[in-house]
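Peer 1: In case it helps, mature numbering (1 follows the signal peptide of the UniProt record, and there is no 0) puts the sequence shown at residues -23 to -1, 1 to 244.
Cβ atoms here follow ideal geometry from the backbone N, Cα and C, with glycine treated the same way.
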Amino acid sequence: MRGCRTCIIMLALIGWSVGTAGAEPPPGFITFKVDTFSAKLDEIDVTLPHELAMKIQLKEGAAEIDLWGEADLSDLQLKTPGMLQGDKKNEECGDRLDVFDVSLVPAGNSARLCGQIRYERWYCTYAKVPEFKGIKVTFKERQTSKNKVLSQSGRICTELWPVVEADGRSVRLDGDVQKVDLSGALGIISDALGLEGLFKDQIRGSLRTALAQVQASIPDEFSRYQPVLKSMRFVERSEGRLGVVAEAAVTVDQNDLEELQRLLSPR
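1. On the CB-based measure, 16 or more other CB atoms within 10 Å of its CB, does F211 come out buried or exposed?
2. Ordered along the chain, which non-local residues of its own chain (more than five positions away) have a Cβ less than 6 Å from that of K32?
3. Helix, strand or coil for E236, going by three-state DSSP, please let me know.
4. Applying the 10 Å Cβ sphere with the 16-neighbour rule, what's the burial state of Q120?
5. Which residue marks the beginning of the beta strand (DSSP E) containing L139, and which one marks its end?
6. CB A223 to CB G46, shorter than 8 Å?
7. What are the partner residues of T102, as DSSP defines its beta bridges?
8. To the nearest angstrom, how far is it from the Cα of D75 to the Cα of P2?
9. By the 10 Å Cβ neighbour count, where 16 or more other Cβ atoms means buried, how is W149 classified, buried or exposed?
10. Would you kindly report the start and end of the unbroken beta strand (DSSP E) that includes G220?
11. Spatial neighbours of K123 within its chain, please: C-beta separation below 7 Å, excluding the five flanking residues on both sides.
12. Looking only at its own chain, which residues have a Cβ that is under 6 Å from the Cβ of K10, when we skip the five neighbours before and after it?
13. DSSP puts R95 in a beta bridge; with which residues?
14. What's the C-alpha gap between L234 and T8?
15. Please go through the same chain and pick out, in chain order, the residues whose beta-carbon is closer than 8 Å to the beta-carbon of A104, but skip the five residues on each side of it.
16. Using DSSP with H/G/I as helix, E/B as strand and the rest coil, what is V191?
17. Where F116 and E68 are concerned, what is the direct C-alpha to C-alpha distance, given to the nearest angstrom?
18. Counting C-beta neighbours from all protein chains within 10 Å, is the total for P107 16 or more, i.e. buried, or is it exposed?
19. Tell me the DSSP secondary structure of D153 in three-state form.
20. Please indicate yes or no: does the CB of M31 lie closer than 7 Å to some heavy atom of the ligand ZN?
21. To test your reading of the DSSP string, which unbroken beta strand (DSSP E) runs of 3 or more residues are found completely within the stretch 8 to 37?
22. Keeping to the same chain, check which residues put their C-beta closer than 6 Å to that of E213; ignore five residues upstream and five downstream.
23. Please report the residue range of the beta strand (DSSP E) in which D43 lies.
24. Could you tell me which residues DSSP puts in a beta bridge with residue 256?
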């Protein structure tokens, strides 16, 4: 069999930390793995506690295994403001863009990222000013004034949600930007400054980096199986914390079940 490491990677990301309230595995599922991965996202260390559970059914010489898991994304949620806040554009004479009050919260089956935007446009004037060096006179262009000609604030939000591809082998993150209170000039300028991409693409990139980081922690023995992802969604954990839940299924020969159980046993 050819393995689908991507599916296992996704499932390994999906879990919940012991001692924190999260979604419960469905009835009949047995927990087989509790762990925490560490990932570096935009030079910031993020921890991803998770738990995996499974249910095995024997059917005519094969073992059908349903997998369930939930990941605690609250550390990523906590550190997202540090990844996005700050000056995104800071021109001495031109556009200045600052992002602050960033939040990442669960919103149904999506994750909503919001932030305040402050935009300023500065206009500078220049003139050639004489400089004297002995009897020699030279003219150099100097800034003579700097004025703020436009200042406006607003708020922008984007929602992201996981989508399982039709083949059940991979997941993508779709997103939809919602402009909230981006009126007047800021509403027009937002497209030119790429505010939508700033939010949607950067947090999407952080989640993709998390998946790449956990790949090294997945046992190579899993690659002999072909798990198929059935669903994935963001969830709200206790106290507004963000989590993600997924379900997958894999079928193995009954003769391989003992080896699989050995691999899945706590170590």
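Peer 2: So, from the data block:
1. By the neighbour-count criterion, in which a residue is buried when 16 or more other Cβ atoms sit within 10 angstroms of its Cβ, F211 is buried.
2. G5, F6 and D43
3. In the structure shown, E236 falls within a helical segment according to DSSP collapsed to helix, strand and coil.
4. In this structure Q120 is exposed. Its beta-carbon is surrounded by fewer than 16 other beta-carbon atoms within 10 angstroms.
5. The sequence as given places Pro at residue 139; Leu does not occur at that position. First-last of the beta strand (DSSP E) with P139: K113 to V141.
6. The beta carbons of A223 and G46 sit closer together than 8 Å.
7. S122
8. Taking the CA atoms as reference points, D75 sits about 42 Å from P2.
9. Here the sequence assigns Arg to residue 149, which means Trp is not the residue at that position. Exposed is the call here.
10. L219 to D230
11. C70, W99 and C101
12. L29
13. D75 and S130
14. Taking the straight line from one Cα to the other gives about 17 Å.
15. E118, R119 and T121
16. The predicted position of V191 is uncertain, since its pLDDT is 41 and thus under 50; no value can be drawn from it.
17. 25 Å
18. exposed
19. Secondary structure at D153: strand, using DSSP grouped into helix, strand and coil.
20. This structure does not include the ligand ZN; it has no bound ligands of any sort.
21. 21 to 36
22. In chain order, P83 place their CB closer than 6 Å to the CB of E213, counting only its own chain and leaving out the 5 sequence neighbours on each side.
23. A39 to D49
24. No answer is possible for residue 256: the residues shown for the chain start at -23 and end at 244.
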